[in-house]
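Colleague: For the sequence shown, this note's numbering assigns the number 3 to the initial residue and increments by one for each residue that follows. For each residue, glycine too, the CB sits at the ideal point set by N, CA and C. Take a look at this one; I'll ask things after.
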Amino acid sequence: MENKKVVFGPVLSRRLGYSLGIDILPSKTCNLDCVYCEVCKTTNLTDERFRFVDFDQVINEISEVSHEIDYITITGSGEPTLHLDLNILIAKLKKNFNYPIVLITNSLLLRKKSVRKELENLDIIMPSLDAVSQDVFEAVNKPVKGIMITDVINGLIDFRKTYRGNIWLEILFCKGINDGINEIKKMKGIIKKINPDKIQLNTVARPPAYTNTGPLSFSELQTIADLLDNQKVEIIISKPSNRKGEPLTEIELINYLRRRPANFEEINLCFGEQTDITRTMLLDLQKSKKIEKYTYNNEVFFKVCVFD
Ligand code: SF4
3 MENKKVVFGP VLSRRLGYSL GIDILPSKTC NLDCVYCEVC KTTNLTDERF
53 RFVDFDQVIN EISEVSHEID YITITGSGEP TLHLDLNILI AKLKKNFNYP
103 IVLITNSLLL RKKSVRKELE NLDIIMPSLD AVSQDVFEAV NKPVKGIMIT
153 DVINGLIDFR KTYRGNIWLE ILFCKGINDG INEIKKMKGI IKKINPDKIQ
203 LNTVARPPAY TNTGPLSFSE LQTIADLLDN QKVEIIISKP SNRKGEPLTE
253 IELINYLRRR PANFEEINLC FGEQTDITRT MLLDLQKSKK IEKYTYNNEV
303 FFKVCVFD
């Protein structure tokens with residue numbers, strides 16, 4: 003696909019402001035198949051690590067970005083720790099750019115000492131932990147067969163012992179799946195052992211891969227925050243910024259929507275609030291069938307088909 007690049011954005015992230023994303027895996031490769039995944043259902047469910055991108059290409063692509071950014075984030079349409087040699091990528095990013103380097107991960111491979119070692123020079127790691135019981139883990143995250151949530155939890159605890167950067171632990175709650183009171187009570191003790199710098203409570207905000215769930219309300223998240231009773235807990239809510247950037251290009255918009263659906267407001271904010279230009283481009287891309295519009299939770303989203 004001629005428009006496919008490794009670097010995308012900057013994405014207006016709810017947690018990181020303007021974050022330049024690096025997508026280092028073919029879509030959609032993951033060791034989980036989360037019911038809430040905003041990319042799509044996992045087509046390559048694997049726990050085997052491999053090499054895929056040329057790290058020098060990543061550096062070249064970032065060098066060409068002219069937008070203002072706050073962070074460089076290793077993320078994308080799958081689980082980034084499935085890529086080998088992340089220590090080499092992190093070292094190259096730090097050598098060439100003066101931005102904090104962030105990794106978003108589902109935490110599974112932190113159960114391996116060799117992977118924990120590769121990640122020790124990150125500035126921020128944002129690991130997920132959506133469940134602490136095996137049955138709830140399997141229901142919400144649908145992992146590769148044989149992965150035990152206790153091993154993942156122990157990996158997070160061990161990583162905290164040696165890692166000097168920030169750990170922002172994310173828990174994403176899905177209505178009726180991982181929001182039971184017993185699970186939350188168990189989480190409370192385990193979170194204390196992991197001892198993250200932040201605990202970020204999230205819920206389904208975009209169309210999920212599976213339709214058997216939906217979002218919690220803000221007050222339900224607040225109740226969970228109260229049950230966790232930890233001063234580091236915060237609830238993630240959208241905080242749109244009005245900082246102006248550059249007008250978007252068609253390629254940038256397609257690359258942005260390839261990773262996750264977005265509504266008009268987010269797209270417009272990310273690319274400089276050039277409302278007329280954004281609107282025209284979205285219409286043109288719909289006419290040429292490069293993107294499509296659909297509704298989730300009474301909100302209109304735009305997306306690119308993963309297999310276009
Ligand atoms: S949400 Fe993340 S960890 Fe879960 S299936 Fe999607 S890419 Fe994988």
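Checking 8 angstroms against the spacing of the C-beta atoms, do residue 172 and residue 14 come in under that value?
Modeller: For residue 172 and residue 14, no; Cβs fall outside 8 angstroms.
Colleague: Residue 133 to residue 106, Cα distance in whole Å?
Modeller: 17 angstroms
Colleague: Throw me the rounded Cβ distance for the residue 223 and residue 201 pair, which I believe falls under 8 angstroms.
Modeller: Residue 223 to residue 201, Cβ: 12 angstroms. No contact.
Colleague: So that I know if they touch, is there some Cβ in chain D lying closer than 8 angstroms to that of residue 266?
Modeller: Of the protein chains in this structure there is only one, and it is not chain D.
Colleague: Would you say residue 127 and residue 85 are within 8 angstroms of each other, going by their C-beta atoms?
Modeller: no
Colleague: Based on DSSP bridge pairs, tell me the residues matched to residue 22.
Modeller: Per DSSP, 74.
Colleague: For my contact list, residue 59 and residue 142 are in at a C-beta cut-off of 8 angstroms; report their separation, rounded to the angstrom.
Modeller: About 35 angstroms; that fails the 8 angstroms criterion.
Colleague: Return the first residue and the last residue of the beta strand (DSSP E) that residue 191 is part of.
Modeller: Where residue 191 is concerned, there is no enclosing beta strand (DSSP E), although the alpha helix (DSSP H) it sits in stretches over 183 to 196.
Colleague: Counting Cβ pairs closer than 8 angstroms, one from the stretch 59 to 75 and one from the stretch 149 to 160, do we hit at least three?
Modeller: A contact is defined here as three or more CB-CB pairs under 8 angstroms, and the stretch 59 to 75 fails this definition with respect to the stretch 149 to 160.
Colleague: Taking Cβ to Cβ, would you say residue 306 is nearer than 8 angstroms to residue 260?
Modeller: Closer than 8 angstroms, so yes.
Colleague: Measuring from the CB of residue 75, is there a heavy atom of ligand 2 at a distance below 7 angstroms?
Modeller: Ligand 2 is absent from the structure shown, which contains only ligand 1.
Colleague: For residue 130 and residue 111, what's the separation of their Cα atoms in angstroms?
Modeller: 12 angstroms
Colleague: What does the alpha-carbon distance come out to for the pair residue 309 and residue 233?
Modeller: The predicted model places residue 309 with a pLDDT of 47, which falls under 50 and marks its position as unreliable; any figure quoted below should be read in that light. For the pair residue 309 and residue 233, the Cα-to-Cα distance works out to about 43 angstroms.
Colleague: Do three or more CB pairs link the stretch 208 to 220 to the stretch 38 to 50 at distances below 8 angstroms?
Modeller: yes
Colleague: Taking contact to mean at least 3 C-beta pairs separated by less than 8 angstroms, is the stretch 144 to 159 in contact with the stretch 182 to 189?
Modeller: no
Colleague: Is residue 108 near ligand 1 - that is, is its Cβ less than 7 angstroms away from at least one heavy atom of it?
Modeller: Yes, since a heavy atom of ligand 1 falls inside the 7 angstroms radius drawn around the Cβ of residue 108.
Colleague: On the criterion of 16 or more Cβ atoms from any shown chain inside 10 Å, does residue 197 qualify as buried, or is it exposed?
Modeller: exposed
Colleague: Can you list, in chain order, every residue whose CB sits closer than 6 angstroms to a heavy atom of ligand 1?
Modeller: 32, 34, 35, 36, 39, 41, 44, 80, 81, 108
Colleague: Return the first residue and the last residue of the alpha helix (DSSP H) that residue 339 is part of.
Modeller: Residue 339 cannot be examined here, being either before or after the span of the chain that is shown, 3 to 310.
Colleague: Compare the C-alpha of residue 192 against each of 77, 96, 156, 257 and name the closest.
Modeller: Among 77, 96, 156, 257, the Cα nearest to that of residue 192 is on 156.
Colleague: What are the boundary residues of the alpha helix (DSSP H) that residue 277 is part of?
Modeller: Residue 277 -> alpha helix (DSSP H) spans 277 to 289.
Colleague: Give me the DSSP bridge partner(s) of residue 138.
Modeller: DSSP output for residue 138 lists no bridge partner at all.
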